[in-house]
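Going by this note's numbering, 12 is the number at position 21 of the sequence shown; the sequence numbering is gapless.
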Amino acid sequence: MTDTTAPEEDFLRLDRQICFSLNAASRAFGGVYRLVLKDLGLTYP
-8 MTDTTAPEED FLRLDRQICF SLNAASRAFG GVYRLVLKDL GLTYP
């Protein structure tokens, strides 16, 4: 039987951490949302 677990260092890579992916998606959405609201004369933090 082969070992299917990844080395611990692999889990520590930033691109393998879901929190990094969620943060990047949130920032991307916020940037687009901000541009749409700017066209309407509204602000977004």
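Beta carbons are placed, not taken as given, at the ideal position from N, Cα and C, and that holds for glycine.
ARG7 sits in a helix when the DSSP states are folded into three classes. Linking LEU5 to ALA16 through their CA atoms gives a straight-line distance of about 14 Å. In this structure, the CA atom of THR34 is about 40 Å from the CA atom of ASP1.
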